[in-house]
């Protein structure tokens, strides 16, 4: 039986050292999740991305742990500004 798909919306704050890496591309290939960038702002010093992840709960958890291992700050989106 396939695991139920969930949608998780997150704010990612990238440190300077990983801004140039294709993190979201890698995330979609390393884990069985669908990525959807909802909003972003990137400078030479910091990257802030609103990312939607769709997949099984365990895959999303693994993906978040991987992001945190890259020193990317991961926080849940509290208010859905885009669709309100």
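In the working numbering, the protein residues as written are 3 to 86.
Even glycine gets a Cβ: it sits at the ideal position worked out from N, Cα and C.
Chain C contact for residue i (CB, 9 Å cutoff)
i, result
"residue 7", "Included in the structure is just one protein chain, with no chain C present."
Beta-carbon gap between residue i and residue j smaller than 9 Å
i, j, result
"residue 54", "residue 15", "no"
"residue 43", "residue 12", "no"
"residue 35", "residue 48", "no"
Enclosing beta strand (DSSP E) for residue i [first to last residue]
i, result
"residue 75", "75-78"
"residue 46", "Run containing residue 46: none; DSSP gives neither H nor E here."
Range of the contiguous alpha helix (DSSP H) that encloses residue i
i, result
"residue 72", "Premise fails: residue 72 is in no alpha helix (DSSP H) and is neither H nor E."
Reference residue i, options the options, closest by Cα
i, options, result
"residue 72", "7, 5, 26, 58", "26"
"residue 46", "23, 29, 76, 5", "23"
Stretch-stretch touch, CB-based, cutoff 8 Å, three pairs: the region 60-67 with the region 16-27: In short, these stretches do not touch, since the Cβ pair count stays below three.
Segments of 3+ residues assigned as beta strand (DSSP E) that fall wholly inside the region 7-42: 7-16
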